[in-house]
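Q: Have a look at the structure that comes next, please.
2 protein chains.
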Amino acid sequence: MTISADLLRGYTETIILRRLAEGDSYGYQISKRVNIISGGVLELKEATLYTAFRRLESSGMIRSYWGDETTGARRRYYSLTETGREKLNEDTAAWCETRTVLNRLITEENEHEPDN
Amino acid sequence: MTISADLLRGYTETIILRRLAEGDSYGYQISKRVNIISGGVLELKEATLYTAFRRLESSGMIRSYWGDETTGARRRYYSLTETGREKLNEDTAAWCETRTVLNRLITEENEHEPDN
DNA sequence: TGAGATACCTTGACAGGTGAGGTAAATTGA
DNA sequence: TCAATTTACCTCACCTGTCAAGGTATCTCA
């Protein structure tokens, strides 16, 4: 079972920032790591990934630099900025709140709540 | 604190279906109920709500009928179809899975996972 | 030699959310 | 009594994130 893209919309950037909090990384690696960590159910599409990188960089959340690979394909590494780190904290808090609210709205019984 | 729209994208229909699982209802009421249940942090915008109703009805998830109010503004009631009920079950399962995966990707430590 | 993996990138189309606009009736309070 | 607010519905054009499809280049291994 694969997770629908629509259910993830809005979390792509947070997922990327979280990965970069563990250390500098590059597109291809982040993509693979996310796939592994998710148990294979989530695949960040390349187009999605790279457009997210553009957004994050132009808004100052991440910085990029070319790696000095002497072998293999060139890699563009990304690193979290201070702003990005703060954004990650906010996003993480937002996720926790969203999770609570969605749980209440989708999975919990609400029949005995007051009507007004 | 209000929950960002983007984080909810894709859950609007599920939220509506879930409300209708508790009994027939109409737009305005669903909107208010969602707001109350969410503790005031989530507000389904009218445009969002009504376009979602259109989608759900044309895909056979819900049915609508005009109420016979003798007082107050007219109301268009919606009721869940059998298909809609099944969809709600699938969506609920999808939410649980998404929640687990996002938790792992956003809030958990993954530093000790194998690299490949 | 050539298939597959690594690694990057862009473009155009699509879909869901929403601000801003609209209608109409009932209620409320000054 | 009458203006403001609430109830209740609706649509359109725009914005934004996703992604299929296309591209480039290098390395590895059979």
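Each protein sequence line maps, in turn, to chains B and Z.
Per the numbering used here, numbering through the first sequence is continuous, rising by one, with the last residue being 978.
Per the numbering used here, numbering through the second sequence is continuous, rising by one, with the last residue being 978.
Glycine included, C-beta positions come from ideal geometry on N, C-alpha and C.
Could you check if arginine 895 of chain Z is buried or exposed, using at least 16 other CB atoms within 10 Å of its CB as the buried criterion?
A: Buried, since its Cβ has 16 or more Cβ neighbours within 10 Å.
Q: If you check the beta carbons only, do isoleucine 968 of chain Z and arginine 880 of chain B fall under 8 Å apart?
A: Contact: yes.
Q: Which residues in chain Z have a C-beta closer than 7 Å to the C-beta of tyrosine 888 of chain B? List them in chain order.
A: Residues of chain Z passing the Cβ test: none, with the nearest at roughly 14 Å.
Q: Could you check which residue in B:Glu875, B:Asp930 and B:Ile865 has the C-alpha nearest to that of glycine 922 of chain B?
A: Measuring from the Cα of glycine 922 of chain B, the nearest candidate turns out to be B:Glu875.
Q: If you measure from the beta carbon of glutamate 959 of chain Z to each beta carbon in chain B, is any gap under 8 Å?
A: Cβ-Cβ to chain B under 8 Å: yes for glutamate 959 of chain Z.
Q: Here's a check: name, in chain order, each residue in its chain whose Cβ is nearer than 7 Å to the Cβ of threonine 910 of chain B, leaving out the five neighbours to either side.
A: Cβ within range, chain order: Thr874.
Q: Closest to serine 887 of chain B by CA distance: which of B:Arg966, B:Asn951 and B:Arg925 is it?
A: Cα-wise, what sits closest to serine 887 of chain B is B:Arg925.
Q: Just to confirm the assignment: which complete alpha helix (DSSP H) runs, minimum length 4, are found wholly within the stretch 901-940 of chain Z?
A: Segments of the alpha helix (DSSP H) lying fully in the stretch 901-940 of chain Z: 908-920.
Q: Assign tyrosine 940 of chain B to one of two classes, buried (16 or more other C-beta atoms within 10 Å of its C-beta) or exposed (fewer than that).
A: Result: buried.
Q: Just confirm the distance between the C-beta atoms of threonine 960 of chain B and leucine 950 of chain Z, as a whole number of angstroms; I'd bet it's less than 8 Å.
A: That pair is no contact at about 20 Å.
Q: Give a yes or no on whether the C-beta atoms belonging to alanine 867 of chain B and arginine 947 of chain B are separated by under 8 Å.
A: For alanine 867 of chain B and arginine 947 of chain B, no; Cβs fall outside 8 Å.
Q: Can you check which of these residues, B:Ala955, B:Val963, B:Leu904 and B:Glu919, is closest to arginine 938 of chain B by C-alpha distance?
A: The shortest Cα separation from arginine 938 of chain B among B:Ala955, B:Val963, B:Leu904 and B:Glu919 belongs to B:Glu919.
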